[in-house]
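Under my numbering, the letters of the sequence shown match residues 1 to 368, in that order. Okay, structure first, notes after.
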Amino acid sequence: MKFTCVRDDILTGVNTVQKAVSDRSTNALLEGILIEAGETRVKLTGNDLEIAIEYEMDAEIAQSGAIVVNSRLFGEIVRKIPDSEEVLIFIDKNNLVVIDCELSHFEMKGLNPEGFPRIPEIEKQKTLMIEQAKLKEMVRQTIFSVCQDEYRPVLTGALFEYEGKDLTIVALDGNRVAVRKSTLDFEGDSFSVVVPAKTLNEIVKILQPVNDDIGIFCSKNQILFEAENFRVVSKLIEGEYFKYRYLLGKEYGTKITVNTRKLLQSVERAYLISSDDRDKTYPVRLAITNQKMVVAANTPTGALRDEIEIESAGSAMNISYNPRYLLEALRVIDDENVGIEFVSNPGPCSILPLNGDSFVYIIMSLRG
């Protein structure tokens, strides 16, 4: 194997596939990156048996071939080589990998690629196409609500529901629900699958804020995300997802309209004194009367009282919530103003757009 490539291209490739490389494994191949030189392109692959990522880049191929290199060491070498347009990589005797760039010369031991786990071919039974920027946004606006409890495995992923032209992503952990919906130009077969949070956390780092499409393909137990120069394959989580729809559209007793940024800043101030060094979080209280809302926190650390102008309808309300849950929802909302509906006290609140149904964040209240 012998090829020449642009330094920034291989650095991007390494950074991409390293997201699927095992940190520690009894199998050295799983700690490595598979480098394959074909006729015109070079392909890098990482695979930890739960998620696999391929990245392809242009290169001048002098000799085709394949090798597995230790991901950590190879990645550090590529990052440390001088900025240069070209990097020469080839295999010498006994699987010795040589990396030349300007006046720098590196050698590292490679591994025989036989036995490296290949990315399975996905039977593309269900398909949709979506802009990378849109998918990145939708995942970012829901992933924080995924359950961290491994004893409820189906909730450790996000639900992808596709029907007609509507893609809905749902994440919940028992204390809150995040729902993000988008109507696409593409119309395909309906599907409903649960994608692991680990996969989505890596996908959102790879996706670019561009209008280029990425394809999503589902089989019985795997999902494929495929763009022009990368592919991500992951196992799906089996099991029946929580029937979240019964939480939506409940009749409210109080509804307000509030400026998103002003409420976010107020809750951020409350959060400063609502958390302590022992990771304990005290509630923030929302008191709604007439056309104003008081955001208050009272803890052993200190106290806060903020007043925000709102538009309100319904009965007065005095209710407490976990400030972190409010913050994580408000931080991903781009709308200037939002509506918040309160069902009862105690009871959940729903943060909604003023128009349409593109998102909803449901947060359960706290007592006290």
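Heads up, the beta-carbon is just placed ideally off N, CA and C, and yes, glycines get one too. Computed from a predicted model, the values in this text were never measured in an experiment.
Discussion item. Runs of 4 residues minimum, wholly inside the region 15–45: which ones carry the alpha helix (DSSP H) assignment?
Written reply: none
Worksheet item: To which residues of the same chain is A28 closer than 7 Å at the C-beta, ignoring the five residues directly before and after it?
Response: Counting from one through the sequence shown, the residue named residue 28 turns up at place 28. For A28, where only same-chain residues beyond five positions count, the Cβ hits under 7 Å are L111.
Practice prompt. Name the one or two DSSP bridge partners that Y321 has.
Written response: Position 321 of the sequence shown, counting from 1, holds the residue named residue 321. Answer is V284, bridged to Y321.
Worksheet item: Is F116 near L34, with beta carbons less than 8 Å apart?
Response: The count along the sequence shown starts at 1 and reaches residue 116 at position 116. The count along the sequence shown starts at 1 and reaches residue 34 at position 34. Against a cut-off of 8 Å, the Cβ pair of L34 and F116 comes out as a contact.
Worksheet item: Between the region 11–19 and the region 52–60, do three or more beta carbon pairs fall short of 8 Å?
Response: yes
Practice prompt. May I have a chain-ordered list of the beta strand (DSSP E) segments no shorter than 3 residues that lie completely inside the region 281–367?
Written response: 284–289, 292–298, 303–309, 311–314, 317–321, 337–342, 349–353, 359–363
Worksheet item: Under a three-way DSSP split, which group does R7 fall into?
Response: Indexing the sequence shown from 1 puts residue 7 at position 7. Helix, per DSSP.
Practice prompt. Could you round the C-beta distance between G347 and S365 to whole angstroms and report it? I think they count as a contact, below 8 Å.
Written response: Counting from one through the sequence shown, the residue named residue 347 turns up at place 347. Counting from one through the sequence shown, the residue named residue 365 turns up at place 365. With a Cβ gap of about 6 Å, G347 and S365 count as contacting.
Worksheet entry | Cα-Cα separation between Y271 and A297, rounded to whole angstroms | Your numbering for residue 271 matches position 271 in the sequence shown. Your numbering for residue 297 matches position 297 in the sequence shown. Straight-line Cα distance between these residues: approximately 8 Å.
Worksheet item: Bridge partners of N259, per DSSP?
Response: Locating residue 259 in the sequence shown gives position 259, where the first residue counts as 1. For N259, which the question treats as bridged, DSSP gives the partners N337.
Discussion item. Short of 7 Å in beta carbon distance, which residues of its chain neighbour S190, apart from the five on each side in sequence? Order them along the chain.
Written reply: Stepping through the sequence shown from its first residue, residue 190 is reached at position 190. Correct list, in chain order: Y162, E163.
Discussion item. For I423, report the span of its beta strand (DSSP E) as first-last.
Written reply: With the chain covering 1 to 368 only, the question about residue 423 has no answer from this structure.
Worksheet item: Per DSSP, which one or two residues make a beta bridge with S192?
Response: Counted from its first residue, the sequence shown places residue 192 at position 192. Bridge partners of S192: E161.
Discussion item. Within a Cβ cutoff of 7 Å, which residues of the same chain sit near S145, ignoring the five residues on either side of it in sequence?
Written reply: On the sequence shown, residue 145 is found 145 positions in, with the first residue counted as 1. Excluding residues within five positions, the ones whose Cβ falls inside 7 Å are A171, L172, D173, R176, V177, A178.
Practice prompt. State the start and end residues of the unbroken beta strand (DSSP E) segment that holds Q132.
Written response: Counting from one through the sequence shown, the residue named residue 132 turns up at place 132. No beta strand (DSSP E) holds Q132; the alpha helix (DSSP H) holding it covers 132–140.
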